[in-house]
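> Protein chains in written order, with the numbering used here: chain A, 13 to 266; chain B, 46 to 372. All residues carry an ideal CB built from backbone N, CA and C; glycine is no exception. I have a structure I would like to understand better, so I am pasting it below and will then ask my questions one at a time.
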């Protein structure tokens, strides 16, 4: 199994506060790794540090052996780590199709001048990407919504479109920040299937922050448990279920 | 709500219409008097000024008010290049555009340092006033308060004092720049511009270099408005600092809003309507400003999304989206 993501000794300190404390783990091809922990455990800081939104104080992030630690968010995304956002990252005024197309920005050919002059190189690439975006929406049964403003979708539909947009460029690594929050049970099941399919069929390595315990237990191959910025346990769902440190620190009783 | 998109047939009709309108306008000089011709020439300039403005405040969503600065830079740049260096005026148009783009580069520096909303507004307003101070005080170059005249020039034996000849040049420049801007907006670039407006943080996560998008949008806006400035210097034949003050900025702002924020079509419509309106209102001496204000207010109350939204409701041909379907 190929290791995609290697995080080593990652720490983030904000003037005295240690938001992330020496966290290390790896993520393999086709694996789903859940990151759980109480509020303020540092889960989102971990995501932000990996995706370049927060500069780590120390530690490294490698994707397939290539170091990404000090790169900007757009450069890290271009290297192949893509993420979603807890509060939803869609562009409400753009249509569903346009939103998915933004995920293919780096895959679209043609320089600024090519676009300006309407040269065939740019137009051809644009047409190919429109075709691809429509196909991806069809896979999720969202093609009938292509011309709908993203802001007019339901919460569940928005989550799905955001995932379609995020995976449109076929990134090897995906960071999902609470993809099931606020979803109905049906939409939550659909989200589970999407995560399974991405990992199982496409071999995407998925890092998943999620509070829904049943989703985590069902979807994750391995779980990383955090509290107060540090890793307190790591293992398979069954191991984590039995772990005393987790029961004490995370659930607050034992 | 799902928007009705133009069908393939309607898209073809739309591109036909895009070229048919300027083609018909070629006949305008034969059907008009010199005064109306002068007003029409001004409309074309305003259309470009409004277009550049709406890209930054509508599409990119940045509260930047350096638009009149770009306009003045283009106008003075063209006049100085023509009068002091003896360059043919036609050649000064792209050069004035380049100077405007340089202005856009300077204005974007504030936005790229993370200065946003009201703070960006006041800094860019200051930029405009600073430029005006420059025109006033760089007397050897600009003529100061006296302004500077455009040197007389001919093209194929026709003097550039002819409003008909100016019209054809203005029309060609306007059509080219509107077409190029439409190409930009209906591409990954146009989507990236909108994405920055909607959610800058999420935009970066899609491998879109947000800083570059902001920089290039400002520069293209500056280019378009800078070219408009070069047209303006020939249009009025004389460049004064007063032409590039708050009044011009507010008038352009009104054109952007009346046409419809972030709409290419709206920019043109807003410019045409608000340039024509004062001419009709001359029939009501003493009441012109009152009526002008009331009409602008009425349009905005009845159509907060501007005239372009009215047309969109009439036909999907006028729907402006940020991608281009193959014909």
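Starting from the Cα of residue 47 (chain A), find the closest Cα among A:243, A:261, A:129 and A:259 and give me that residue.
Ranking the options by Cα distance to residue 47 (chain A), first place goes to A:243.
> Does DSSP put residue 34 (chain A) in a helix, a strand or coil?
If DSSP states are grouped into helix, strand and coil, residue 34 (chain A) belongs with the strands.
> Beta carbon of residue 235 (chain A), beta carbon of residue 228 (chain B): below 8 Å?
Taking 8 Å as the Cβ cut-off, residue 235 (chain A) and residue 228 (chain B) do not qualify as a contacting pair.
> To the nearest angstrom, report how far apart residue 19 (chain A) and residue 95 (chain A) are at their CA atoms.
Straight-line Cα distance between these residues: approximately 16 Å.
> Assuming residue 178 (chain A) and residue 108 (chain A) are in contact, meaning their beta carbons sit under 8 Å apart, how far apart are those beta carbons, in whole angstroms?
With 8 Å as the limit, residue 178 (chain A) and residue 108 (chain A) do not qualify as a contact, their Cβ atoms being about 14 Å apart.
> Any beta carbon from chain B within less than 8 Å of residue 267 (chain A)'s own beta carbon?
As shown, chain A starts at 13 and ends at 266. That puts residue 267 (chain A) outside it, with no answer to give.
> Would you verify that the beta carbon of residue 340 (chain B) is, or is not, closer than 8 Å to some beta carbon of chain A?
Not closer than 8 Å to any Cβ of chain A, the Cβ of residue 340 (chain B) fails to qualify, so no.
> How about residue 134 (chain A): is its C-beta nearer than 8 Å to some C-beta of chain B?
Chain B contact via Cβ: present.
> Select from the segment 209 to 239 of chain B all residues with a C-beta closer than 7 Å to any C-beta belonging to chain A, and list them in chain order.
Those would be 225, 228, 229, 232, 233, 234, 236, 237 and 239, in chain order.
> Looking at the structure shown, is residue 283 (chain B) part of a helix, part of a strand, or coil, going by DSSP?
DSSP places residue 283 (chain B) in strand when its eight states are reduced to three.
> For residue 343 (chain B) versus residue 314 (chain B), is the C-beta spacing smaller than 8 Å?
Not a contact, by the Cβ cut-off of 8 Å.
> If the cut is a Cβ gap below 7 Å, which residues of chain B does residue 85 (chain A) touch?
Going along chain B in sequence order, the residues near residue 85 (chain A) (Cβ under 7 Å) are 249 and 250.
> Taking the alpha helix (DSSP H) that residue 22 (chain A) falls in, what are its first and last residues?
Not the alpha helix (DSSP H): residue 22 (chain A) falls in the beta strand (DSSP E), residues 15 to 26.
> What did DSSP end up calling residue 238 (chain A) once you bin it into helix, strand or coil?
Strand at residue 238 (chain A).
> Residues of chain B with CB under 7 Å from residue 117 (chain A), in chain order?
Chain B residues near residue 117 (chain A): 233, 237, 251, 252 and 253.
> Excluding five sequence neighbours on each side, which residues of the same chain lie with their C-beta closer than 7 Å to the C-beta of residue 216 (chain B)?
Closer than 7 Å at the Cβ level, and outside the excluded window around residue 216 (chain B), lie 67, 70 and 89.
> Take the Cβ of residue 99 (chain B) as the centre, count every other Cβ of all protein chains shown within 10 Å, and call the residue buried at 16 or more, exposed below.
Burial call: buried.
> Taking only the alpha-carbon atoms, compute the straight-line gap between residue 43 (chain A) and residue 64 (chain A) and give it to the nearest angstrom.
Cα to Cα, the separation comes out at about 22 Å.
> Which of the three DSSP states is assigned to residue 194 (chain B) in this structure?
Reduced to three states, the DSSP call for residue 194 (chain B) is strand.
> Measuring CB atoms only, is the segment 305 to 320 of chain B touching the segment 113 to 124 of chain B, in the sense that at least three cross pairs come out at less than 8 Å?
The answer is no - the segment 113 to 124 of chain B does not touch the segment 305 to 320 of chain B, with fewer than three Cβ pairs under 8 Å.
> By the criterion of Cβ-Cβ separation under 9 Å, what are the contact partners of residue 369 (chain B) in chain A?
Here the neighbours are 130, 135, 138, 139 and 142.
> To the nearest angstrom, how far is the alpha carbon of residue 207 (chain B) from that of residue 72 (chain B)?
Approximately 16 Å, taken between the alpha carbons.
> Leaving aside the five residues before and after residue 138 (chain A) along the sequence, list all residues of the same chain whose C-beta is less than 8 Å from its C-beta, in chain order.
Excluding positions up to five away in sequence, the list reads 120 and 122.
> For a quick check, are the C-beta atoms of residue 87 (chain B) and residue 115 (chain B) less than 8 Å apart?
No, Cβ-Cβ distance for residue 87 (chain B) and residue 115 (chain B) is not below 8 Å.
> In terms of residues, what are the limits of the beta strand (DSSP E) holding residue 182 (chain A)?
Neither: residue 182 (chain A) is in no beta strand (DSSP E) and is coded neither H nor E.
> Kindly say whether residue 13 (chain A), judged by its beta-carbon, lies nearer than 8 Å to any beta-carbon of chain B.
So no, residue 13 (chain A) is outside the interface.
> On a CA-only basis, which of A:85, A:132, A:229 and A:230 is nearest residue 369 (chain B)? Give me that one, please.
Comparing Cα positions, the closest option is A:132.
> With DSSP as the reference, label residue 121 (chain A) as helix, strand or coil.
It is coil, neither helix nor strand.
> Can you pull the chain A residues whose beta carbon is under 7 Å from the beta carbon of residue 244 (chain B), in chain order?
101 and 103, listed in chain order.
> For the beta strand (DSSP E) that contains residue 95 (chain A), what are its first and last residues?
Per DSSP, residue 95 (chain A) belongs to the beta strand (DSSP E) from 93 to 95.
> At 7 Å on the CB atoms, spell out the chain D contacts of residue 90 (chain A), in chain order.
Among the protein chains of the structure shown, namely A and B, there is no chain D.
> Hey, out of B:237, B:326, B:266 and B:264, whose CA is closest to residue 253 (chain B)'s CA?
If we check each option's Cα against that of residue 253 (chain B), B:237 comes out closest.
> Taking the beta carbon of residue 150 (chain A) as the centre, do at least 16 other beta carbons fall within 10 Å, making it buried, or is it exposed?
Exposed.
> Per DSSP, which one or two residues make a beta bridge with residue 74 (chain A)?
DSSP lists A:18 and A:79 as partners of residue 74 (chain A).
> Does the beta-carbon distance from residue 180 (chain B) to residue 267 (chain B) come in below 8 Å?
Not in contact: residue 180 (chain B) and residue 267 (chain B) (Cβ atoms no closer than 8 Å).
> From this set, A:163, A:251 and A:84, which residue's C-alpha is nearest residue 243 (chain B)'s C-alpha?
Of A:163, A:251 and A:84, the residue nearest in Cα terms is A:163.
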